[in-house]
Structures are given as C-alpha cells and as structure tokens.
C-alpha cells in the first residue's frame, strides 16, 4: 500500500484554538508552562502529540525556503507544525522543561527529572475535556531523546512514540564516544542555550533560567554509571509501540540510538526507518509526514492505515554523492539477515606520512603473514608547539596529518555496505592511554572524496565513524555482538609503554553502495578526522608528546569487518 493511497486522517476545516502559557501542575508542587494548539470542534475529543524541551516553546523557527512545509507563526525548532496536524484532528502540545523558557525551577537538561515531569504533563493533558486520553510523542533530536526517558516510566496514557533522530544512551551516543569526551558539540550546545536564555529575551521573564552544572557533571562522570543509566533509555522498560527513525548522516550523535532501539526495546511493536539529508528537511517532507500520520492514526485513532502490515524496516540506500534523496528499500530485520560479514585485513605497505592524501596500506581479504608495526605521533604540533595545557590545543588542530590510512582496491562491481561495522585493531603507545579515531570514506575514481549531505546541509567527506579510548577496551560480554562490540566503560585498563593490546572499535552503522571503480578508505588517527565538525572531541594530556602504533599481520592481524549486502533474491 502506498502512502498516498493509505487510509489516513484527512484535513478538515477546523478553526484552531491556541492556548498560550497553560500551567501544568507537577507532583512536587512545581509548574510547567505549555502551549496548546487544538481543533475547535465543540464536544469532539482528539489525541495529542506532545513535546518537552529546553528549546523554548515561544522561540519562532523561520525555516529555509526549500522546506516542504510553509513558514507560519506557529513553527518551532524540531517540532511538528500545528498548521498541518490540527486540521487532521490532532492537538499539538509543547512544554518548556523545568528551569527553561517560561517554566520556573532548577534546570536539568536530558535528565530523569525531566522524564518524571514529562510523565506528569502527559497524564494531565490526557485528562483535559478536549483530549481523547491518548498521547503520542514526536520530534527531532532533543525532542526524540526525551521520548526514550519518558517511555522508561510507562505513563498509562502514552500510546505510541516516534523518536526522530534521537540519541538514547547519553554516555555512548552523545557525551563519550568510545570513552572519548565529545566536547565540540555538547560544549557549544550548552553555552549556546545558556546564552539563549540569559542574553536573549527570556531573561526578561525568567532571569534564572538554564542554571545547571551539566558540563561539570558530564566531565565528572567520565565512566559509565547509574548517573548515565538514569538519564538514558532502559530498553527492558520500553514497552510502548516504537517507530524509531534515524539518519545515516547522524553518525556522531543520534543514529546509534535509533538502531539500538529497534534491536533491544522490549516493545512488541517496533519499526525502523533510516533516511538521508539534513537534520530537519526529511522530518517536514510530505513523504515523512505520511509515515508519521499513518503511525499515529493507527495507535491513537485506531485507523487501519496499513502501516503495520508492511515490512518493519525502511532504509534509504545511499549510492554515493547525491544531494537529493535516494530510493527507500523495505527489509524485514536489522541487521539484514542476508549480510555477508566480510573481514578486510589491514596490510601495511609503507611508513606513515604527513601528506593529507597519503595511504599507508591496503585492505585485503587475506591476512598478512608477517607482523608489521606502524608508528605515528599522538599529538599534532601547532605554532604554539605541543600545547596540551592551552585552550587552543583542542581548537587549532594539527599543522599536518597524523595517523595511518588503508584503502581497498577499486571495486570490481557495485558493492553495498549496509549495517554496523567493527574494527579489530592491535595498538600500543608510549603513553598510558591512546585515542583511536576511525573514519570510513568513499573515494571516487578521481581520488577525491564522494561527499554526502550533512546534518546541517554541508557536504561531508565521510561515510561513518567510530572511536575508542584504549583504556576503555573492556567489553560487556552479555551485550556485545560479533558485529557490534559493547564496551563496559566502567574501569580503565591502562596501557604499558609499547606493549600491544587488542581493541574492538565500534563503528557506527551505515549504508553505502561503493560504485564500481570506487575505493573504501579507512583513516585511523589520534584526533578527529575528515568530516568531524561540529562533533569534535577533547584531546587529553596523555596524547602530548606520545607515539602511538598499530600492528598488522601475523598474530596481530587487524581487520575491518564489513556488512556486505548481496542483491535481494527475487
């Protein structure tokens, strides 16, 4: 059944009631403020689509001209458009989190307390005279991650969720990639939203807003712990129907949460969709809105839209270099059952070079018989030298390339890689620790990167990424899978000088058809590589002046395991 022919709620000529600054009472006597947009129909009752965030319900979003929804005075960043949903018989409810926007109190972004408040807001809205008692949640990024924590608590009126590009594990997905602190985005995010509240208009009505120790707490809790578990998805608690929606370009924050949800959430009813494009265009596309509407019509209105009869997985398969959308393909599971898990061994052929386009070896289907050691500097030199004590050390990067790269031979035929990846790597360092940054790239016949559309619309010369701090190499055997290592992050296994250790690096899922004549390239570096910004990391003092090494061949064979997808059997 196509989306256009599906049975769904049709737009009707409802007048829209807009209620601003509605007070929602919480269990501890506090109050949240919300905006409600709902159909004016007298006694008819409607379900509600809800959001909660620190992004300020009153802050108008003026979208780009090429968005598939027109700008209007009710648009808000990463949330649904009431002008589209209300005519189709839905109320839209936006809530300012405690201590942000209009809501008073102590700010605790992305926390369990926010989830408890969200629970109270959901149950209060469900009891309004205009509400059918059925609540769904939908939104991007922050508006998605908050849904996992709400679902942990199982509010009775919550009937379905649709986390759209939403990190789920606050430690692994956002704050500490492979145990390496992801300072670049989260640091800027925290400062920017503090400024939005204290240097903008909100200061006039909530001068103490966004007061929190979030960044201190994130850095103080640099190992996984109950602090992070309380603020993350708990898959065994999530039983509500879930439509998990990811973006292949979200390889530095959100995508892992969406695939992990589909694999691990306890819900009996789960769907997975992964698309391409910016962080906001796909959400507002007509095709996507039909998926959203069919999902909520089914669970909140009891309309048989046909969606639940379709295969549970919908993937946009990238074929490389398009600025437009690729075609979707239906699948029955994730990872795909027909995957040919293929080891590509690292084979060193030459000494490391500082040249930006240098390649130190090849990726081969056979393991080298002879062990080879490649060494490189762990810290880049700037005009300030190796200045690990300077604030410039994290922002001014290297004056030259450091690390090593390997490439496949040109593809003999179009080769699809769709699924999670893992890099088995033997490493050592002169320091007590070592950072491993992995970048997978698509190199065209001309030797140049084939770029994809990034989260912010920028061209990104990167297919996907992975990270690991070597002292965090300990695995959780109960959660690890052959194709997706799961690191415990609960203790540090320090390195001894120049003593090799084995590391399993989780490389985030991807989908890419490497065209005939193209090469797959892997960069292994001590710092952020191609296509990282703005999702960059803190380079700690153990890197300063250190020399790192990787090993290939012999009894220290390192390899990249790829999910090769053969064509579907007809």
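In the working numbering, the protein residues as written are 192 to 761.
For each residue, glycine too, the CB sits at the ideal point set by N, CA and C.
Same chain, Cβ closer than 6 Å to residue i, five either side skipped, listed in chain order
i           : result
residue 727 : 375, 719
residue 202 : 278, 279
residue 737 : 569, 620, 621, 622
residue 192 : With a pLDDT of 41 at residue 192, under the threshold of 50, the predicted position of this residue should be treated as unreliable, though the coordinate-derived value follows. Excluding sequence neighbours, residue 192 sits near 497.
residue 460 : 432
residue 173 : Summary: the structure shown does not reach residue 173, with the chain confined to residues 192 through 761, and so no result is reported for it.
DSSP-derived helix/strand/coil call for residue i
i           : result
residue 716 : strand
residue 756 : strand
residue 494 : coil
residue 133 : This structure cannot settle anything about residue 133, because the visible part of the chain is limited to 192 through 761.
residue 632 : strand
residue 238 : strand
residue 287 : strand
residue 350 : strand
residue 751 : strand
residue 675 : strand
residue 661 : helix
residue 361 : helix
residue 367 : strand
residue 356 : coil
residue 455 : helix
residue 304 : helix
residue 543 : coil
residue 323 : strand
residue 466 : strand
residue 689 : coil
residue 427 : helix
Sub-8 Å separation of residue i and residue j beta-carbons
i           : j           : result
residue 351 : residue 525 : no
residue 610 : residue 758 : no
residue 316 : residue 239 : yes
residue 534 : residue 750 : yes
residue 449 : residue 437 : yes
residue 595 : residue 614 : no
residue 262 : residue 360 : no
residue 696 : residue 659 : yes
residue 713 : residue 554 : yes
residue 313 : residue 349 : yes
residue 678 : residue 370 : yes
residue 447 : residue 321 : no
residue 365 : residue 444 : yes
residue 602 : residue 529 : no
residue 538 : residue 552 : yes
residue 624 : residue 672 : no
residue 333 : residue 260 : no
residue 482 : residue 464 : yes
residue 618 : residue 734 : no
residue 403 : residue 298 : yes
residue 285 : residue 219 : no
residue 567 : residue 599 : no
residue 300 : residue 213 : no
Spatial neighbours of residue i in its chain, beta-carbon cut-off 7 Å, leaving aside the 5 residues before and after
i           : result
residue 509 : 439, 467, 517, 643, 702, 703, 704
residue 527 : 609, 610, 756
residue 722 : 630, 651, 652, 653
residue 373 : 365, 366, 367, 726, 728
residue 418 : 412
residue 753 : 533, 535, 608, 612
Sequence-distant residues of its chain with Cβ nearer than 8 Å to residue i (five each side left out)
i           : result
residue 457 : 426, 427, 428, 429, 430
residue 502 : 521, 522, 523
residue 666 : 676, 677, 678, 679, 695
residue 254 : 260, 262, 266, 471, 475
residue 194 : Its pLDDT being 46, under 50, residue 194 is placed unreliably by the model, and the measurement read from it follows with that caveat. 478, 481, 482, 485.
Terminal residues of the beta strand (DSSP E) in which residue i lies
i           : result
residue 552 : 552–555
residue 609 : 606–620
residue 701 : 692–705
residue 532 : 531–539
residue 499 : Here residue 499 belongs to no beta strand (DSSP E), and DSSP marks it neither H nor E.
residue 137 : The structure shown does not extend to residue 137, since the chain is modelled only from 192 to 761, so the question has no answer here.
residue 738 : 738–743
residue 266 : Segment: none, residue 266 is in no beta strand (DSSP E) and carries neither H nor E.
residue 669 : Looking at the DSSP string, residue 669 is not in any beta strand (DSSP E), and its letter there is neither H nor E.
residue 521 : 519–522
Boundaries (first-last residue) of the alpha helix (DSSP H) holding residue i
i           : result
residue 408 : 405–411
residue 475 : 472–475
residue 376 : 374–389
residue 417 : 417–421
residue 274 : 273–276
(message) Does the contact criterion of 3 or more C-beta pairs under 8 Å hold for the region 280–296 versus the region 388–403?
(response) yes
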